[in-house]
Structure formats: C-alpha cells, structure tokens
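So in our numbering, spot 39 of the sequence shown is number 110, and the numbers just go up one at a time.
In this text, a Cβ means the ideal position worked out from N, Cα and C, and glycines have one as well.
Just so we're clear, the structure is a prediction, and the values are computed from it rather than from any experiment.
Below: the structure, in structure tokens.
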Amino acid sequence: MKTEMLVNVYQPEESRIAIVEDGVLEELYVERNSRESFVGNIYKGRVVNIESSIQAAFVDFGVGTNGFLHVSDVEAEYFKHIEVDEDDRSRSRGNNRGAPKKPGNKRPGSERSVQGKPSIQQIFRRGDEVLVQVIKDGIGNKGPTLSTYISIPGRYLVLMPALQRVGISRKITNLDDRKKLREIIKELAPPEGLGFIVRTAGIDRTEKDLRRDMNYLLRLWKTIVRRIQKQSAPLDIYQESDMITRTIRDIFSSEIDRVLIDDPVQFERARDFMKVVLPKMVDRVEHYDGVEPLFHKYNIEQEISNIQSRTVPLKGGGSIVIDQTEALVAIDVNSGTHRVDDNAEETAYQVNIKAAREISRQIRLRDLGGVIVNDFIDMRQDKHRRAVEKELRDAVKRDRARTKVLRISPFGLIEMTRQRIRPSLKRSIYEECPCCNGSGYVKTPESVAIEVMRELMRASSLDGIKRISVELNNRVASYLANKKRKELLAIEDRSHVIINFESRYDFNPGHMEFRCQNEFGEEIPFSPTMTSK
Numbered sequence: 072m073k074t075e076m077l078v079n080v081y082q083p084e085e086s087r088i089a090i091v092e093d094g095v096l097e098e099l100y101v102e103r104n105s106r107e108s109f110v111g112n113i114y115k116g117r118v119v120n121i122e123s124s125i126q127a128a129f130v131d132f133g134v135g136t137n138g139f140l141h142v143s144d145v146e147a148e149y150f151k152h153i154e155v156d157e158d159d160r161s162r163s164r165g166n167n168r169g170a171p172k173k174p175g176n177k178r179p180g181s182e183r184s185v186q187g188k189p190s191i192q193q194i195f196r197r198g199d200e201v202l203v204q205v206i207k208d209g210i211g212n213k214g215p216t217l218s219t220y221i222s223i224p225g226r227y228l229v230l231m232p233a234l235q236r237v238g239i240s241r242k243i244t245n246l247d248d249r250k251k252l253r254e255i256i257k258e259l260a261p262p263e264g265l266g267f268i269v270r271t272a273g274i275d276r277t278e279k280d281l282r283r284d285m286n287y288l289l290r291l292w293k294t295i296v297r298r299i300q301k302q303s304a305p306l307d308i309y310q311e312s313d314m315i316t317r318t319i320r321d322i323f324s325s326e327i328d329r330v331l332i333d334d335p336v337q338f339e340r341a342r343d344f345m346k347v348v349l350p351k352m353v354d355r356v357e358h359y360d361g362v363e364p365l366f367h368k369y370n371i372e373q374e375i376s377n378i379q380s381r382t383v384p385l386k387g388g389g390s391i392v393i394d395q396t397e398a399l400v401a402i403d404v405n406s407g408t409h410r411v412d413d414n415a416e417e418t419a420y421q422v423n424i425k426a427a428r429e430i431s432r433q434i435r436l437r438d439l440g441g442v443i444v445n446d447f448i449d450m451r452q453d454k455h456r457r458a459v460e461k462e463l464r465d466a467v468k469r470d471r472a473r474t475k476v477l478r479i480s481p482f483g484l485i486e487m488t489r490q491r492i493r494p495s496l497k498r499s500i501y502e503e504c505p506c507c508n509g510s511g512y513v514k515t516p517e518s519v520a521i522e523v524m525r526e527l528m529r530a531s532s533l534d535g536i537k538r539i540s541v542e543l544n545n546r547v548a549s550y551l552a553n554k555k556r557k558e559l560l561a562i563e564d565r566s567h568v569i570i571n572f573e574s575r576y577d578f579n580p581g582h583m584e585f586r587c588q589n590e591f592g593e594e595i596p597f598s599p600t601m602t603s604k
C-alpha cells in the first residue's frame, strides 16, 4: 500500500494536509490563518472569576477571551496543602489518586469535591496565578478549555510534569515492545519530579533516539520554568508548532512513502525539521512544482469538496446521512437500492458493515467531535449486530482522536464519543446562512405571502394610512400578484388604500419592508409583527 502526505500551502490564508492511501483520502487537516488555534499552547494565567455552581474557574491568559478551567483539570500540586472533607474522600474512594494525604489549611466555602479533590473555591481565589495549557479551542460563545496537566510532545516522548513517572502509550499493545521500552527508559534515568510517556513513534527506536528527544524536552522545560519565574500573568509561555511541523512530528512514520509540499519556503522548513528528528528519511520530503494544483493532480480536490455533503453514497448501494447539531451528530444508514437475494436481514447486515467503515472515515475527515449517534438498519440476528459493532470499533482504532464506542442498542443505535479538540471542519470553513439562520430551511413563497396578507390587513385598518408599499422577494411578489389578486382588491376597496409591491431579487425569501403613508404622502411608522428572515 502506497501512503503519501500531501501538503497544500500555496494559498497563504489556508494550510491543508491530506493523507492518501492508494489514491483514497483517509485523513484531512485544515487550518485557517483567520481562525487562530490555541490548542497545545501554554500560558501563565490569572483567575478572574470562580463559579462554584459548576466547579470551574475562568482564567485570563492574555488572548482576549477567558478560558474555562474545571476542577477535574486541576492537578494535585495546586491543592496538596488543602484538607479534603472526609465525606468527599469516602465518596470518591477508589478514584482518589490526586487527593492530598496530609491535612493542612482548609479554605472556607467547601462544596462537594470532584474525585476526592477540594472544591474549586478552596483551590483558587480571584487573582491567583496558574499555569495552564489549552486543550480545546473555544466554540461559539464558549471560551477555550484549559488544563493544569501540562503535556509537551516531542517526536518519541511526551513530557508531563504532573505525571512524575514514566509510562508507555496505551496504543502500544505488544508486550515485547512494552518490555523493551521499559528497559530503555530505565537506562535513560529521567530526573525526579518529571514524567514522560513513550509515544507510538518510539517503537523500534534506539536508546540514543529516545535520549535525544528527552534532552530536547528537558531543555524546553527549563526555558519554560525560567519564563514563569521572571514574568507575571497573563503571559504566553510556549507556542505549539505550526501545522506542518506538528503533523510531521505526530503523524509521519516509516509507512509514509513521500511528503509532497507545494510551497518552496515550507518545503525547506519541513526538510530542516526532518534533518533534526528523522535525518535518515529526509529524502522522503519533496517539493511539488507542477503547474496543476497539487490536490487536483492527485484527484482529491473533488472529494474534499464533497466532504460536507449531507448524504454520502456507499459502494455497491446504500448511503449514510450526516446531520450535525449543537448537541450531537446524528448519522443515519439507508439501504437505498442495495438488495441481496430479497433477503432483508442479509441486505441490512452488508449495508451496515460498509456503513461502519465509512462512518469512521467520515468523522475523521470532517473532524466531528462530541456525542455521535449512529442509526443502523435494524437486524434481527444477534451475530450480525455484534459484527457491525465490532466493525465500527475496529475502524475507529486508526483514529488519532480518542473515541469510545458503546454497545448497540435494541433499536439499532450505536452511541459513541470522539475527542473534540478544535471546531469541526464544517464550522471552520462555513458560516451560518443569513437566510435560514442555520436551520437549512426557509419559508415557502405561499407561507410568506399569507403572512404579508395579514400584515396588509392590519396596516390598512390603522387610522391615517392611505398608501402601502411593500418591498419583498420576487417569488413572493409573483405569488401575490397571481394568486392573491382578488383578496388584495378587496382590502383596497374596504379600507380605501392603495397597495403597491416592489419585487426584489436580492431579498431573502422571508424578508419584507413596509412603507406606509397618509393622503399627503407623509410617512406613518409601521413595523410588521412577523420575523423578517
């Protein structure tokens, strides 16, 4: 299987990276310069507000929007001197790794703690300084989500100061690999008080490779500590790498045959980075200087354009329909014209298996996060239900975001959650439709015309109004002129008014503007009661 990483940064406003396997788009990363991401950045912030009702603090970290820090994301160093109520301790027994072991000064206003921790108002006061890392960008009116559990990724290791031990990624499941890595880690002898996690990229790496990565992270951490000590909050401490460097660091492996970059400056930067982290593979980074745009050359531009389509066809028949809402993502599986020997059970099973694979791919490409509910076609046989469930679990294993898949319900629903770090691709490149306010629907010309007639009847009944002019959408004006002529004449005769319509092609379907005058041509204020959208 041939795997390529295509990097399109020719347009300065947007960077795109595609992972293509045998010509099939498997992963897509898009970043807009106009939508700055703070994920991974580390700041020295100041607590500006504490909300005990939600057990969270709001932190000013210097970007204009306060961050959200929940008590569950506060590491033990911040409350090791604070006593936790015995009731809280017993409530969370068994999940009490972060709880203090020694009594100390107990701040007033204690409320129910989380996992054996003191309440947020015990840990912080307004004005307290705190070292935080952004773990999730803000969405809509919600500010960025923060954590005091700092993690700084290298190529093979992740530095985690709060961990205070060395561990191995759970994605490394081979026992021999884990044993070998533990032996190497012992030889590295990391300093006390700092924790490290060996990443999946660390498999088959030598002690020299891991030591070089550890030393780089230790130098970086010393620089961070010096900045923390010298300056007060709010302060930018550490910036995560740009998308190209970050993607090569986190995703590139020996399985990727080539990295193709269409910008000469970014190409040189990528090569310089590869010389440091993977000098033996630097030749796999190539510059694309063709006349035809890179993504068109590899026939993936059209597929990217289709990513936000609501309906996704399945090979051989059937489809999935994806609807993204504020609360969750709903995915419906349809059999369409796909049939297997007039066997409804087998048809449902085969379509569901294909859908499970495509669902996993689509949530990666669209970067969907949060709660996802998959509505599969009903199957009677338990073995088929379990097989579809297993297919979806296996398919999401390659996802770099954390996912959790629940058992299939009696109604054929499989609920799952996927780690949301940034706004989805849809929210990044689309804005809310001004016509429908994001609902996807607008009123029909008939519906708007009926409402216009009601407003005309109300306006004509008011004292002094003798002329009514209405600007409205051309389709609505056409409907009124052709279908409501008699009713309009009746209003004019009954109220002795003159009604005029002005057709506007630039008006949204539901938008209208009334202008009312008396017999002398003087304006009389009038506002329609219906919405103007």
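Minimum C-alpha distance to residue i - residue among the options
{"i": "Y114", "options": "L289, C506, L140", "result": "L140"}
{"i": "E517", "options": "G509, I492, L551", "result": "L551"}
{"i": "D564", "options": "D208, I448, L96, M528", "result": "M528"}
{"i": "Y51", "options": "I562, N545, I569, E584", "result": "In the structure displayed, the chain extends from 72 to 604; residue 51 sits before or after that span and is not available."}
{"i": "V400", "options": "N445, N414, Q379, A415", "result": "N445"}
{"i": "V91", "options": "D313, T74, F597", "result": "T74"}
{"i": "I391", "options": "S376, E429, H358, V547", "result": "E429"}
{"i": "E558", "options": "M583, T316, P599, E526", "result": "E526"}
{"i": "E594", "options": "D449, A530, G387", "result": "A530"}
{"i": "S566", "options": "S598, H582, S532", "result": "S532"}
Exposure of residue i, with buried meaning 16 or more beta-carbon neighbours within 10 Å
{"i": "H455", "result": "buried"}
{"i": "R197", "result": "exposed"}
{"i": "S406", "result": "buried"}
{"i": "D453", "result": "exposed"}
{"i": "P232", "result": "buried"}
{"i": "S303", "result": "exposed"}
{"i": "K514", "result": "buried"}
{"i": "D354", "result": "exposed"}
{"i": "M72", "result": "exposed"}
{"i": "V519", "result": "buried"}
{"i": "I125", "result": "exposed"}
{"i": "K301", "result": "exposed"}
{"i": "Q373", "result": "exposed"}
{"i": "Q337", "result": "buried"}
{"i": "D333", "result": "buried"}
{"i": "G180", "result": "Its pLDDT being 42, under 50, G180 is placed unreliably in this model, and the coordinates cannot settle the point."}
{"i": "R320", "result": "buried"}
{"i": "F13", "result": "As shown, the chain starts at 72 and ends at 604. That puts residue 13 outside it, with no answer to give."}
{"i": "P189", "result": "buried"}
The alpha helix (DSSP H) enclosing residue i, as first and last residue numbers
{"i": "E146", "result": "Note, E146: premise wrong, no alpha helix (DSSP H); not H, not E."}
{"i": "W347", "result": "At residue 347 the sequence reads Val, which differs from the Trp that was named. Looking at the DSSP string, the run of the alpha helix (DSSP H) that includes V347 is 335-348."}
{"i": "K115", "result": "Run containing K115: none in the alpha helix (DSSP H); it sits in the beta strand (DSSP E), 113-122."}
Straight-line gap, residue i to residue j (C-alpha atoms, nearest Å)
{"i": "T408", "j": "E397", "result": "32 Å"}
{"i": "I221", "j": "L288", "result": "13 Å"}
{"i": "I424", "j": "R432", "result": "13 Å"}
{"i": "I295", "j": "D144", "result": "20 Å"}
{"i": "F129", "j": "I223", "result": "23 Å"}
{"i": "V95", "j": "Y512", "result": "33 Å"}
{"i": "K293", "j": "Y309", "result": "12 Å"}
{"i": "D438", "j": "D343", "result": "29 Å"}
{"i": "C587", "j": "K554", "result": "23 Å"}
{"i": "K279", "j": "Q204", "result": "29 Å"}
{"i": "G264", "j": "T277", "result": "24 Å"}
{"i": "I579", "j": "I539", "result": "Contrary to the premise, residue 579 reads as Asn rather than Ile in this sequence. Straight-line Cα distance between these residues: approximately 20 Å."}
{"i": "R226", "j": "P215", "result": "26 Å"}
{"i": "I378", "j": "S480", "result": "28 Å"}
{"i": "E122", "j": "V348", "result": "44 Å"}
{"i": "N79", "j": "F323", "result": "16 Å"}
{"i": "N176", "j": "V201", "result": "For N176, the predicted model reports a pLDDT of 42, less than 50, meaning its position is unreliable; a value from the coordinates is still stated below. Computed Cα separation, rounded: 19 Å."}
{"i": "N508", "j": "G581", "result": "12 Å"}
{"i": "R160", "j": "A127", "result": "A caution first: R160 carries a pLDDT of 47, below 50, which makes its placement in the model unreliable, though a value can still be read off. Rounded to the nearest angstrom, the two C-alpha atoms are 20 Å apart."}
Test item: CB-CB of residue i and residue j under 7 Å
{"i": "R469", "j": "Q490", "result": "no"}
{"i": "P305", "j": "G116", "result": "yes"}
{"i": "V142", "j": "I191", "result": "yes"}
{"i": "L217", "j": "G111", "result": "no"}
{"i": "I327", "j": "M76", "result": "yes"}
{"i": "D284", "j": "L228", "result": "yes"}
{"i": "Q193", "j": "I153", "result": "yes"}
{"i": "R249", "j": "I243", "result": "yes"}
{"i": "D307", "j": "R493", "result": "no"}
Terminal residues of the beta strand (DSSP E) in which residue i lies
{"i": "A89", "result": "85-92"}
{"i": "K213", "result": "From DSSP, K213 is part of no beta strand (DSSP E); its letter is neither H nor E."}
{"i": "H358", "result": "356-358"}
{"i": "Q588", "result": "583-588"}
7 Å Cβ cutoff, residue i in contact with chain D
{"i": "G441", "result": "No chain D is part of this structure, which consists of one protein chain only."}
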